[in-house]
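4 protein chains.
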Amino acid sequence: MKIKHRKSLAKEMKHTAILDAAEDIIATEGLEALSMSKVAKAVKIAKGTVYLYFESKEEIIGGLTIRARRELLAYFKEYCSRTNDPLEKIKQIFWADFYFYKEKHTYHELVSFYEQNTGLEEKGELAMSSYHISQFVEGIIEDAKRKKVIRQDIISSLQGFVFWGMAVGILQIVNTKHDQLAKYFGKSEKEFYSVFVENVISGLLPEKILPAQGSVYQRVVQESKK
Amino acid sequence: MKIKHRKSLAKEMKHTAILDAAEDIIATEGLEALSMSKVAKAVKIAKGTVYLYFESKEEIIGGLTIRARRELLAYFKEYCSRTNDPLEKIKQIFWADFYFYKEKHTYHELVSFYEQNTGLEEKGELAMSSYHISQFVEGIIEDAKRKKVIRQDIISSLQGFVFWGMAVGILQIVNTKHDQLAKYFGKSEKEFYSVFVENVISGLLPEKILPAQGSVYQRVVQESKK
Amino acid sequence: MKIKHRKSLAKEMKHTAILDAAEDIIATEGLEALSMSKVAKAVKIAKGTVYLYFESKEEIIGGLTIRARRELLAYFKEYCSRTNDPLEKIKQIFWADFYFYKEKHTYHELVSFYEQNTGLEEKGELAMSSYHISQFVEGIIEDAKRKKVIRQDIISSLQGFVFWGMAVGILQIVNTKHDQLAKYFGKSEKEFYSVFVENVISGLLPEKILPAQGSVYQRVVQESKK
Amino acid sequence: MKIKHRKSLAKEMKHTAILDAAEDIIATEGLEALSMSKVAKAVKIAKGTVYLYFESKEEIIGGLTIRARRELLAYFKEYCSRTNDPLEKIKQIFWADFYFYKEKHTYHELVSFYEQNTGLEEKGELAMSSYHISQFVEGIIEDAKRKKVIRQDIISSLQGFVFWGMAVGILQIVNTKHDQLAKYFGKSEKEFYSVFVENVISGLLPEKILPAQGSVYQRVVQESKK
DNA sequence: AATGAATGAGCATTCATTCAT
DNA sequence: TATGAATGAATGCTCATTCAT
Numbered sequence: 000m001k002i003k004h005r006k007s008l009a010k011e012m013k014h015t016a017i018l019d020a021a022e023d024i025i026a027t028e029g030l031e032a033l034s035m036s037k038v039a040k041a042v043k044i045a046k047g048t049v050y051l052y053f054e055s056k057e058e059i060i061g062g063l064t065i066r067a068r069r070e071l072l073a074y075f076k077e078y079c080s081r082t083n084d085p086l087e088k089i090k091q092i093f094w095a096d097f098y099f100y101k102e103k104h105t106y107h108e109l110v111s112f113y114e115q116n117t118g119l120e121e122k123g124e125l126a127m128s129s130y131h132i133s134q135f136v137e138g139i140i141e142d143a144k145r146k147k148v149i150r151q152d153i154i155s156s157l158q159g160f161v162f163w164g165m166a167v168g169i170l171q172i173v174n175t176k177h178d179q180l181a182k183y184f185g186k187s188e189k190e191f192y193s194v195f196v197e198n199v200i201s202g203l204l205p206e207k208i209l210p211a212q213g214s215v216y217q218r219v220v221q222e223s224k225k
Numbered sequence: 000m001k002i003k004h005r006k007s008l009a010k011e012m013k014h015t016a017i018l019d020a021a022e023d024i025i026a027t028e029g030l031e032a033l034s035m036s037k038v039a040k041a042v043k044i045a046k047g048t049v050y051l052y053f054e055s056k057e058e059i060i061g062g063l064t065i066r067a068r069r070e071l072l073a074y075f076k077e078y079c080s081r082t083n084d085p086l087e088k089i090k091q092i093f094w095a096d097f098y099f100y101k102e103k104h105t106y107h108e109l110v111s112f113y114e115q116n117t118g119l120e121e122k123g124e125l126a127m128s129s130y131h132i133s134q135f136v137e138g139i140i141e142d143a144k145r146k147k148v149i150r151q152d153i154i155s156s157l158q159g160f161v162f163w164g165m166a167v168g169i170l171q172i173v174n175t176k177h178d179q180l181a182k183y184f185g186k187s188e189k190e191f192y193s194v195f196v197e198n199v200i201s202g203l204l205p206e207k208i209l210p211a212q213g214s215v216y217q218r219v220v221q222e223s224k225k
Numbered sequence: 000m001k002i003k004h005r006k007s008l009a010k011e012m013k014h015t016a017i018l019d020a021a022e023d024i025i026a027t028e029g030l031e032a033l034s035m036s037k038v039a040k041a042v043k044i045a046k047g048t049v050y051l052y053f054e055s056k057e058e059i060i061g062g063l064t065i066r067a068r069r070e071l072l073a074y075f076k077e078y079c080s081r082t083n084d085p086l087e088k089i090k091q092i093f094w095a096d097f098y099f100y101k102e103k104h105t106y107h108e109l110v111s112f113y114e115q116n117t118g119l120e121e122k123g124e125l126a127m128s129s130y131h132i133s134q135f136v137e138g139i140i141e142d143a144k145r146k147k148v149i150r151q152d153i154i155s156s157l158q159g160f161v162f163w164g165m166a167v168g169i170l171q172i173v174n175t176k177h178d179q180l181a182k183y184f185g186k187s188e189k190e191f192y193s194v195f196v197e198n199v200i201s202g203l204l205p206e207k208i209l210p211a212q213g214s215v216y217q218r219v220v221q222e223s224k225k
Numbered sequence: 000m001k002i003k004h005r006k007s008l009a010k011e012m013k014h015t016a017i018l019d020a021a022e023d024i025i026a027t028e029g030l031e032a033l034s035m036s037k038v039a040k041a042v043k044i045a046k047g048t049v050y051l052y053f054e055s056k057e058e059i060i061g062g063l064t065i066r067a068r069r070e071l072l073a074y075f076k077e078y079c080s081r082t083n084d085p086l087e088k089i090k091q092i093f094w095a096d097f098y099f100y101k102e103k104h105t106y107h108e109l110v111s112f113y114e115q116n117t118g119l120e121e122k123g124e125l126a127m128s129s130y131h132i133s134q135f136v137e138g139i140i141e142d143a144k145r146k147k148v149i150r151q152d153i154i155s156s157l158q159g160f161v162f163w164g165m166a167v168g169i170l171q172i173v174n175t176k177h178d179q180l181a182k183y184f185g186k187s188e189k190e191f192y193s194v195f196v197e198n199v200i201s202g203l204l205p206e207k208i209l210p211a212q213g214s215v216y217q218r219v220v221q222e223s224k225k
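Residue numbers (numbering that gives the first Met the number 0), protein chains in the order written: chain A, 0 to 225; chain B, 0 to 225; chain C, 0 to 225; chain D, 0 to 225.
Set out below in structure tokens:
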């Protein structure tokens, strides 16, 4: 058992070293340029050895995505801890995401990657990392709801997903189109993101005039429940 | 002249046939699996022949993206024409996007692809197709603004970008996570999307309580204007 | 007959236009970049039409080589006309070649190309263009021989070939290694070429001490006559 | 250690086998016809495997060129060792080159290839192989100079370049035009080459009448020194 | 546990030439 | 005489994964 433990420590270290190397490569050359050969070379082990620690390239990316999501959760916690105002906390989640995108670009790329690609199975730790984030966000939303600073019809868990989708999409567009943003609108990434955040937050507030009954929208919503 | 016309018709047809084949391949195997060899084989022409009609693989994808965007614009127009209510029209844009995603999945993939990838140059018809969509959406928002059914501080063109980013992100998450959606929340894609639309629309309404001065959010916004 | 004549005039013009275009392409992009498509495009005729005037790409290069050799002969004549001294005339041939290389680089490339490649058949005009140059050079050497300013054992025609081979080789090395020439020896192309010319001319002079009988060299020469 | 040695032996052998195969292909079909697919097929390994031993096609050609240059140097040494006469040694260099061309035609092609092509970077072993040859030839010339059997104004290193350029050019013409040589002059390659060697050697001898002052040639030489 | 040689299908692109019109 | 669409073999190179040692 002792031996096993020592072994698994060594194993853990190599596992980490492989992820570190892969992260470096992505940071330097981008996710697309990641290859098993490069990883093996960087860690100074044989290509075959990498497969002793990770079943496939996908698993390495998965491993890094776990890291990335942990870091994102840390960002969320850190930003939310700055205020006690439940609504502010929600805003802080968005801003945490923004700064995560700006400061941890590699991680953001990884998190987005998993959002963009169908057919990537998430299980085990990877699924958990996603769950932890959801849980945290849900908690923040639930708290705001309990304290009645946001609409009462909101389903916290679902709303978390919506937030997530919107933020991912916005940051994607910020990433892709920041040139146009600057050129045509004279807006910085932050200003643009501000518009988005303001929009979303404003949509949560309870003093909203609800769409009139019988509107097309209502009909569509009804329909969608079928 | 007749001959010339006939010829250019034949050419036009092959051009179309190539795009059709490429579209089929993407529909069946995904955008990543698209290759020139497959296209040639599907059209039953030589590989070199494909290059008589398209300068590169990128041009084929570009050609399909033009198709996709045209179709998306058609969706927008069709859905918006269903109502005269300016706010409803905005909602309809979101729903048009949703049904575009559901019904024209390949096209949606193509449109998203161009959103997700930096460094893809857009020119000529491709750039125009993007512009036409922006123009249309901007017009709808501008109209709602003029009619005072949405906040007056909205910048229509910028808001169009925000809409676009959010919708892309949400549909991405719908695409990737619809299993979880069903499993954990018992929600259909449509219901989930509904929550999103309601959220966004609600955020546009003028009778909004603005975030209190001095809130963290305000500070960040101020900051971002520097 | 008149019609035929007119036709062949028109034909001649197109023939010329094709060569002109090919020459431009080689001048701009190099011999390797020459392609039938580019030629056709440049002349604004169909690809197939080019084949009505030239049987193959090789024939176009052959046609240009004829031009190039004509120009080279003109250089030879021009440079030789500058002096009446028969030895000087020989020197002038070398210098004509040097300036041909410097000033008509495309033509030089073509002339060299035919020297470097085995299996390129030369017939008709192409063979003649080579013959004319040989004849001219042979005449110059023969004249110097008759006037006893060079060794009497020289076979003019053969010597012409030797000159040609040496000059081609030297210019090739000048072309390839001019950087080293400048860097390691501080010599310009001209200075280097000067050393070569001086060497060669000096080898032609009659007051030479011939290699001693019985030397290895003599043996090899004897051997070679077998 | 044994194992490692055996392994690296096996690797060395495959490396050699690839070069051998490439050499065969060049010998049979010419340098231009060399392709990675052909090499792989000839060695009966997968295309990708070739890339485990050579980074690129250019590296294979480079590897063969090293072989070729080594062999050429061996020829030089062997031929020069046949005599102690310093002038004879110079002649032997030319004859070594001739027999290298005749007997190791593929290698000659490779050596010429590197002379003819601009923009081929030479480094490491490849650069060294070139340097060793230069050094050897320079030594032979320097020795002859020191012993006063050739002109004292000769710069050994530069002269080596001139020799090399001339020999490359002559052998090229021998290669290309040997049919004409036989047909029109009734001369064998060897006889022709003899004329060349005699010419060159004769040009090195010190008892030379220098070109008269004021001749065109002198002017050009002066000019070139500016 | 570790190796690293081997695989081989796959990629986008080129181009001299042909031939039906 | 002129067209230009079509061909299709060929190019150098990549890379996730396997497996005998």
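Beta carbons are placed, not taken as given, at the ideal position from N, Cα and C, and that holds for glycine.
Cα atoms of D/E11 and A/F53: separation of roughly 32 Å, rounded to the nearest angstrom.
For A/T175, at least one C-beta of chain B is nearer than 8 Å to its own C-beta. Pairing C/F184 with C/N116, the inter-Cα distance amounts to about 31 Å.
In the assembly as shown, D/P205 is an exposed residue. Its beta-carbon has fewer than 16 other beta-carbons within 10 Å. Interface flag for A/N198 against chain B is set, since a Cβ pair is found closer than 8 Å. Counting every other CB atom within 10 Å of its CB across the protein chains shown gives D/M127 a total below 16, marking it as exposed. The C-beta separation of C/E121 from D/I172 comes to about 13 Å, leaving the pair out of contact by the 8 Å criterion. One alpha carbon belongs to B/F99, the other to B/E70, and they sit about 8 Å apart. A residue is called buried once 16 or more other Cβ atoms fall within 10 Å of its Cβ, and B/E77, having fewer, is exposed.
C-alpha of A/L51 to C-alpha of A/H131: approximately 28 Å in a straight line. Look at B/G168: its C-beta is under 8 Å from a C-beta on chain A.
Inter-segment contact for the stretch 149 to 160 of chain B and the stretch 103 to 114 of chain B is absent: fewer than three beta-carbon pairs are separated by less than 8 Å. Straight across, the Cα-Cα distance linking A/R145 with A/F75 is about 20 Å. Within chain D, the residues placing a beta-carbon under 7 Å from that of C/L157 are F184, K186, F191 and V194, ordered along the chain. DSSP, read as helix, strand or coil, puts C/R66 in helix.
In this structure the stretch 26 to 44 of chain B does not lie against the stretch 91 to 98 of chain B, because fewer than three pairs of beta carbons, one per stretch, are closer than 8 Å. Nearest to D/I139 by C-alpha distance, out of D/I24, D/T27, D/R68 and D/S155, is D/S155. A distance below 8 Å separates the beta carbons of D/R66 and D/L18. Neighbours of B/V161 in chain A, taken as residues whose beta carbon is under 8 Å from its own, are I169, F191, V194, F195 and N198 in chain order.
With a cutoff of 8 Å on beta-carbon distance, D/A166 and C/G168 are scored as near each other. Here the alpha carbons of A/V148 and A/L86 stand approximately 7 Å from one another. In the three-state reduction of the DSSP assignment, A/G202 falls in the helix class.
Within the same chain, M35, S36 and A39 come within 7 Å of C/K46 by CB-CB distance, once the 5 residues on both sides are set aside. In the three-state reduction of the DSSP assignment, A/V148 falls in the coil class.
Distance from A/V110 to A/R68 at the Cβ level is roughly 6 Å; contact confirmed, criterion being Cβ atoms closer than 8 Å.
For a Cβ distance threshold of 8 Å, nothing in chain D lies close to C/T105: the least Cβ distance comes to about 15 Å.
At least 8 Å separates the CB of B/S34 from every CB of chain A. Identification of chain C residues near D/E77 by a Cβ-Cβ cut-off of 8 Å yields none; the smallest Cβ-Cβ distance measures about 13 Å. Judged by DSSP in its simplified three-state form, C/G29 adopts coil rather than helix or strand. Cβ neighbours of A/E57 within its own chain (closer than 8 Å, five residues either side excluded): L119. Listed in chain order, the positions of the stretch 83 to 115 of chain A with a beta carbon within less than 8 Å of a beta carbon of chain B are D84, L86, E87, K90, Q91, W94, Y113, E114 and Q115. Chain-ordered listing is empty here: chain D has no CB closer than 7 Å to the CB of C/M12, the nearest sitting near 33 Å. Along the stretch 38 to 66 of chain C, there is no position whose C-beta sits under 9 Å from a C-beta of chain D. Interface criterion not met: the Cβ of C/I149 is under 8 Å from no Cβ in chain D. By the neighbour-count definition (other C-beta atoms within 10 Å, threshold 16), B/Q151 is an exposed residue.
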